[in-house]
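Colleague: Residue numbers for the sequence shown follow my numbering, so the first one is 348 and each next one is one higher.
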Amino acid sequence: MKLIKQILLIVLLATSLTLTLNASEIVILHTNDTHSQIDPIGKEDKGGVLRRKALIDSVRRVNKNVLLVDAGDAVQGTVYFNLYKGEVEQQMMNIMGYDLRIIGNHEFDNGIEGLKSMIDMSTAQVLSTNYLFEDSLLRSKIAPYIIKSIEDKKIAFIAINIDPKGLVSAGNYIGVGYVDGQLMADSFAKQLKERKANRIFAASTFGLFTNGLEKFDEAYEQGILHGVLTTNLIYQTPELLERPWYINCDFSKYIANIIHTLNHDGSISTILDPSERIQAIAEKYRNGETI
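1) Taking 8 angstroms as the limit between beta carbons, can you name the residues of its chain near Asp527, skipping five residues before and five after?
2) For Tyr632, collect the residues of the same chain with a Cβ closer than 6 angstroms to its Cβ; drop the 5 residues on either side in sequence, then sort them by chain order.
3) Check the C-beta distance from Ala550 over to Ala418 and give it rounded, since I have them as a contact under 8 angstroms.
4) Tell me the DSSP secondary structure of Phe548 in three-state form.
5) Express the C-alpha separation of Gly570 and Leu587 in angstroms, rounding to a whole number.
6) Mind reading off the beta-carbon distance from Met465 to Glu454? Whole number of angstroms is fine, and I expect it under 8 angstroms.
7) Any idea which residues DSSP pairs Leu447 with across the strands?
8) Pairs of beta-carbons, one from the region 397-409 and one from the region 422-436, closer than 8 angstroms: are there three or more?
9) Could you tell me which residues DSSP puts in a beta bridge with Ala490?
10) When we look at the beta-carbon of Gln423 and count the other beta-carbons within 10 Å, is it buried (16 or more) or exposed?
11) How big is the Cα-Cα spacing for Thr608 and Gly458?
12) Have a look at Leu479, Tyr593, Asp499 and Tyr520 and flag the residue whose alpha-carbon is nearest the alpha-carbon of Ala490.
13) Between the region 534-541 and the region 499-508, do at least 3 Cβ pairs fall closer than 8 angstroms?
14) For the alpha helix (DSSP H) that Leu397 lies in, which residues bound it at each end?
15) Sorted by chain position, which residues of the same chain lie with C-beta nearer than 6 angstroms to Ile497's C-beta, five sequence neighbours on each side aside?
16) Roughly how many whole angstroms lie between the Cα atoms of Gly513 and Ala421?
17) Closest to Lys463 by CA distance: which of Val426, Asn519 and Asp392 is it?
18) Check for me: the beta strand (DSSP E) holding Lys500 runs from which residue to which?
19) Is it buried or exposed, Gly574, if we count other Cβ atoms within 10 angstroms and call 16 or more buried?
20) Measuring only the C-alpha atoms, how far is Gln529 from Ile507?
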């Protein structure tokens, strides 16, 4: 039986955490709705990319099998996005070393050209399982899934993208076709299982599953889908919260740490280490300098 531990890690500078983990494991760090939060959040002084990077690095130091995933809406919400149209966020995410990310509704805020610009800057693999793109650049840059080989395991990810109608300005997603996310997720998950994927995850910007939960339940029970990564920023029904496959993450104050245990016991202690590079780049943007 696989064991999943989900831990919400408060990203506080100089906080030390000790987790009892298995020596051979796969750690998935998941962010969601970070909304251009380059700096810490107001009077609470939590979050921000510097602390996020420190936490991510501390986990990577003690575990070689780490995947860093963002489930969308990495932009919009602070003056950084207003002024630089997503460039700052892409720079910071590249430095943090994201492995993959999906498109949220706010990634469309500057239209298709803005989306193309951000994706072109990103070093992470961008996923969309249920969008159809007319633009050839977007088709070439965006994949419906990704398989990451870690030791002798294959870890697959798909993206359940939101229906842009009513959430995105109509002129901002011209040339993007929407297909039902649950149907596409089920189809691709089955294909990935046939390709011997050991774990299959779906990332979604938010878990507003209006077509019900039955398909996810069936896929989970059949071992086709192992988890859906999303946010808790919208209303979550009691039924959804009870689902074993549902994994949520709370804004940019937290990172969801999903540990897939394989074997052997061990322990780690994280040591947070600020990144001078992130601080230097952020300072240049604050001062209006060209990068």
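Each residue gets a CB set at the ideal place from its N, CA and C atoms; glycine is no exception.
Keep in mind that this is a model prediction, so the values were computed, not measured.
Modeller: Checking against the coordinates, here is how it stands:
1) Here the set comprises Asn477 and Asn558.
2) Closer than 6 angstroms at Cβ, skipping near neighbours: Val435.
3) Their Cβ separation, rounded to whole angstroms, is 4 angstroms, which keeps Ala550 and Ala418 in contact under 8 angstroms.
4) Judged by DSSP in its simplified three-state form, Phe548 adopts strand.
5) Spanning the two alpha carbons is a distance of roughly 18 angstroms.
6) Rounded, the Cβ-Cβ distance is 7 angstroms, consistent with contact.
7) Leu447 pairs with Val416 and Gln472.
8) Too few Cβ pairs lie closer than 8 angstroms, so no.
9) Residue pairing by DSSP places Ala490 opposite Leu474 in a beta bridge.
10) Looking at its Cβ environment, which holds 16 or more other Cβ atoms inside 10 Å, Gln423 is buried.
11) Any answer about Thr608 is weak, because its pLDDT of 45 lies below 50 and its placement is not dependable; what the coordinates show is given next. Roughly 41 angstroms between the two C-alpha positions.
12) Closest option to Ala490, judged by alpha-carbon separation, among Leu479, Tyr593, Asp499 and Tyr520: Leu479.
13) These segments touch.
14) Taken as a continuous stretch (DSSP letters only), the alpha helix (DSSP H) holding Leu397 covers Val396 to Val409.
15) Excluding positions up to five away in sequence, the list reads Ile373 and Asn412.
16) Taking the CA atoms as reference points, Gly513 sits about 20 angstroms from Ala421.
17) Out of Val426, Asn519 and Asp392, the CA that lies nearest to the CA of Lys463 is found in Asn519.
18) Counting along the chain, the beta strand (DSSP E) containing Lys500 begins and ends at Lys500 to Ile507.
19) That one is buried.
20) Computed Cα separation, rounded: 7 angstroms.
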